[in-house]
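Under the numbering used here, residues 6 to 442 are what the sequence shown spells out, in order.
Presented below is the structure to which this report refers.
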Amino acid sequence: MAVTVAIVGAGPSGFYTAEALLRSGLDCQIDMIEALPTPYGLIRFGVAPDHEKTRNVWRAFEKTALDDRVHYFGNVEVGGDVPLDTLRALYDAVVVATGAPLDRPLPVPGANKRGVYGSAAFVGWYNGHPRHCDLDPDLAVSSVAIVGNGNVALDVARVLLKTPEEMRATDLPEDVARRIHEAPIRDVYLIGRRGPVEAKWTNVELREMGRLKNCRPLVDPTSLPADVSGSMTERDRRLREKNLSTLRKMAGGTSDPKKKRLHFVFFAQPAEVLGEDSVAGLRLERTRLEAGRSVETGEFFDLPCGLIVAAIGYGTAALAGLPMDWGRIAHRDGRIAPGFYVVGWAKRGSVGVIGSNKPDGAAVATLIAEDAGRGGKPGRPELVRLLRAKGSCWVSFADWKRLEAWEIAAAAPGAPRRKLTRVSEMLDVLARTRPQT
Ligand code: NAP
Numbered sequence: 006m007a008v009t010v011a012i013v014g015a016g017p018s019g020f021y022t023a024e025a026l027l028r029s030g031l032d033c034q035i036d037m038i039e040a041l042p043t044p045y046g047l048i049r050f051g052v053a054p055d056h057e058k059t060r061n062v063w064r065a066f067e068k069t070a071l072d073d074r075v076h077y078f079g080n081v082e083v084g085g086d087v088p089l090d091t092l093r094a095l096y097d098a099v100v101v102a103t104g105a106p107l108d109r110p111l112p113v114p115g116a117n118k119r120g121v122y123g124s125a126a127f128v129g130w131y132n133g134h135p136r137h138c139d140l141d142p143d144l145a146v147s148s149v150a151i152v153g154n155g156n157v158a159l160d161v162a163r164v165l166l167k168t169p170e171e172m173r174a175t176d177l178p179e180d181v182a183r184r185i186h187e188a189p190i191r192d193v194y195l196i197g198r199r200g201p202v203e204a205k206w207t208n209v210e211l212r213e214m215g216r217l218k219n220c221r222p223l224v225d226p227t228s229l230p231a232d233v234s235g236s237m238t239e240r241d242r243r244l245r246e247k248n249l250s251t252l253r254k255m256a257g258g259t260s261d262p263k264k265k266r267l268h269f270v271f272f273a274q275p276a277e278v279l280g281e282d283s284v285a286g287l288r289l290e291r292t293r294l295e296a297g298r299s300v301e302t303g304e305f306f307d308l309p310c311g312l313i314v315a316a317i318g319y320g321t322a323a324l325a326g327l328p329m330d331w332g333r334i335a336h337r338d339g340r341i342a343p344g345f346y347v348v349g350w351a352k353r354g355s356v357g358v359i360g361s362n363k364p365d366g367a368a369v370a371t372l373i374a375e376d377a378g379r380g381g382k383p384g385r386p387e388l389v390r391l392l393r394a395k396g397s398c399w400v401s402f403a404d405w406k407r408l409e410a411w412e413i414a415a416a417a418p419g420a421p422r423r424k425l426t427r428v429s430e431m432l433d434v435l436a437r438t439r440p441q442t
């Protein structure tokens, strides 16, 4: 009898898990259950719209979804449509692959003012995520502060600073593109609470900031140390040296006649969001390093700005009372309990690139094979019966392919797709394009 597996979440970690299970030789039947109608999670809603090549991994995920042993249930919310306990009763193994979709709050007074957004919401908005498409940020500002020195901060800066021409071949939703490109943004500040050596950017992404058509990076050369010191792996040292070298080149090129500016601000951490109801500025406290950590100095300065995006990491949403551990689901080596597992950012926190989820998939496939024995729980037919009884309108992979075809056909010249951003629009397109039987 096939081992029945339910994977909750159809983002990268969910797909790598399904792929590993298919390859493992285990006789299994896999159901991927996703809250949104659309599959691929971060590939669709997290990867920056101007990094379309990074999204190509969906092709491998699609192969997995089209395997006879796999079935996709989109638009089904675990917790809402199907209680987690019910899912565990129906399947031999349940894998939580729900990622880390929640913004870590900016921990300073005034962070609830209008004009302060977390990167999950802001990136979700420009990537057409149904939960964030109504964010409506006020972009009639000349200065933007982005808190954090990771790749997400660079993504946000690039999307705000690129020219319409540079963003032409992207799937930025039309109204988002219009608002960004009409915005009078001149200065974007990237704020790191530690120094250039401690920044978490990867070098390819950092270098890209020096090649923007209408934006000049500004780096204070005195903020750059002569070399990378301290104990670290050779790989880390090389990456940090590369970043320093890139920043040095940026610090050297000053006479560029470009209109916009990207300011790298190091050793500064938010202390207070200034303004009445909406943001008028960000008060920053200078920091210094002590044993690798940022330490406050008591010296403050103010940065006038009308928009703040906190790109300071993400947390996992709590699922049906599961115990949490530092913004992740509590587990031991990926096992929450026998027959119950967690992978990806829900397991490890929001660290690592898309491919970092691959080993999680392989590890959990091994655990499932160890725990499941010969299976025995009914899985799919019972889930279908339950969803039908509730009148749930789930989206199959064939349905998704029709949505995808619609998005591709509706794309502007040069763009890969025109994203549907609302669940109601998606269901409407599905109803209109349903094949006649
Ligand atoms: P990240 O790499 O962990 O960076 C978070 C940044 O926020 C760090 O600079 C951190 O500083 C800072 N921070 C955290 N709490 C703060 C606070 N209270 N005040 C001020 N600063 C604070 O996270 P991320 O940028 O969200 O990226 C998540 C993961 O996705 C990363 O592994 C990233 O590489 C990956 N990603 C990759 C790509 C790509 O490959 N192109 C694109 C996007 C994301 P400290 O270092 O001092 O903690």
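All C-beta atoms, glycine included, are put in the ideal place defined by N, C-alpha and C.
Open item on the list: Less than 8 Å separating the Cβ of A53 from some heavy atom of ligand 1?
Closed with: Flag set: Cβ of A53 near ligand 1.
Open item on the list: Please tell me whether, using a cut-off of 8 Å, the distance from the CB of T59 to the nearest non-hydrogen atom of ligand 1 is below it.
Closed with: yes
TODO: Rank V434, L223, P421 and L294 by C-alpha distance to the C-alpha of P262 and give the top, closest one.
DONE: L223
Task: Endpoints, alpha helix (DSSP H) assigned at Y21 - done: P17 to R28
Open item on the list: Given a cut-off of 9 Å on the beta-carbon distance, is the pair R198 and L267 in contact?
Closed with: no
Open item on the list: Less than 9 Å between the beta carbons of T43 and T321, yes or no?
Closed with: With contacts defined as CB atoms closer than 9 Å, T43 and T321 fail to qualify as a contacting pair.
Open item on the list: If the criterion is Cβ atoms closer than 9 Å, does the pair Y131 and P189 meet it?
Closed with: no
Open item on the list: Extract the residue ranges of the alpha helix (DSSP H) inside the stretch 35-109, only unbroken runs of 4 or more that lie entirely within it.
Closed with: As far as the stretch 35-109 is concerned, its whole alpha helix (DSSP H) runs of at least 4 residues are 47-50, 63-70 and 89-95.
Open item on the list: Counting beta carbon pairs with one atom in the stretch 404-418 and one in the stretch 113-129, are three or more of them shorter than 8 Å?
Closed with: no
TODO: Take P364 as the anchor and find which of V348, R74 and G354 has the nearest alpha-carbon.
DONE: Nearest option by C-alpha distance: V348.
Open item on the list: Can you determine whether any heavy atom of ligand 1 sits closer than 8 Å to the C-beta of H56, and answer yes or no?
Closed with: Yes, the Cβ of H56 comes within 8 Å of a heavy atom of ligand 1.
Task: Residues sharing a beta bridge with Y122, DSSP - done: V314
Open item on the list: Just to confirm, is the Cβ distance from I38 to A7 under 9 Å?
Closed with: no
- [ ] Verify whether the separation of the beta carbon atoms of C33 and I373 is less than 9 Å.
- [x] Yes, the Cβ-Cβ distance between C33 and I373 is below 9 Å.
TODO: Please list the segments of the alpha helix (DSSP H) lying wholly inside the stretch 181-250, counting only runs of 4 or more residues, in order along the chain.
DONE: 208-213
TODO: Would you mind reading off the limits of the alpha helix (DSSP H) that contains S429?
DONE: Boundaries of the alpha helix (DSSP H) harbouring S429: V428 to R437, taken from the DSSP string.
Task: Under the three-state DSSP convention, the category A325 falls into - done: The answer is coil: DSSP assigns A325 none of H, G, I, E or B.
Open item on the list: Shorter than 8 Å, the distance from the beta carbon of V121 to the closest heavy atom of ligand 1, or not?
Closed with: no
Open item on the list: For A316 and V152, what's the separation of their Cα atoms in angstroms?
Closed with: Distance between the alpha carbons of A316 and V152: 6 Å.
- [ ] Classify F271 as helix, strand or coil using the three-state DSSP reduction.
- [x] coil
TODO: With hydrogens ignored, establish whether the beta-carbon of A316 is closer than 8 Å to any heavy atom of ligand 1.
DONE: Checking every heavy atom of ligand 1 against the Cβ of A316, one is found closer than 8 Å.
TODO: Using a threshold of 9 Å, state whether the C-beta atoms of F78 and L392 are closer than that.
DONE: yes
TODO: Kindly list the residues whose CB is nearer than 6 Å to the CB of G115, restricted to its own chain and excluding five residues on each side of it in sequence; keep chain order.
DONE: E277 and V278
- [ ] Could you tell me whether the Cβ atoms of G133 and D176 are closer together than 9 Å?
- [x] yes
Open item on the list: Below 8 Å, how does it come out for the stretch 159-175 and the stretch 350-368: are there three or more Cβ pairs, yes or no?
Closed with: no
Task: Start and end residues, alpha helix (DSSP H) containing T175 - done: It is not in any alpha helix (DSSP H) - T175 carries neither H nor E in the DSSP assignment.
TODO: May I ask whether a heavy atom of ligand 1 can be found less than 8 Å away from the beta carbon of L279?
DONE: no
TODO: Taking the CB atoms as reference points, tell me whether A125 and L107 lie closer together than 9 Å.
DONE: Going by C-beta atoms, A125 is nearer than 9 Å to L107.
Open item on the list: Just list the residues that DSSP pairs D330 with in beta bridges.
Closed with: R333
Open item on the list: Quick check on this structure: which residue in M172, N154, V428 and P226 has the alpha carbon closest to the alpha carbon of Y194?
Closed with: Of the candidates M172, N154, V428 and P226, the one whose C-alpha sits nearest the C-alpha of Y194 is N154.
- [ ] Report the option in I35, G318, W331 and E171 whose CA atom is closest to the CA atom of D55.
- [x] Checked all of I35, G318, W331 and E171; the closest Cα to D55 is E171.
Task: Of the listed residues L92, L388 and A158, nearest to G344 (C-alpha basis) - done: L92
Task: F50, buried or exposed, once every other Cβ within 10 Å from all chains shown has been counted against 16 - done: buried
- [ ] Taking T371 as part of the alpha helix (DSSP H), name the residues at either end of that continuous run.
- [x] K363 to A377
- [ ] Determine the burial state of F20: buried for a count of at least 16 other Cβ atoms within 10 Å of its Cβ, exposed for fewer.
- [x] Label assigned to F20: buried.
- [ ] Using the Cα positions of L289 and L166, report the straight-line distance between them to the nearest angstrom.
- [x] 23 Å
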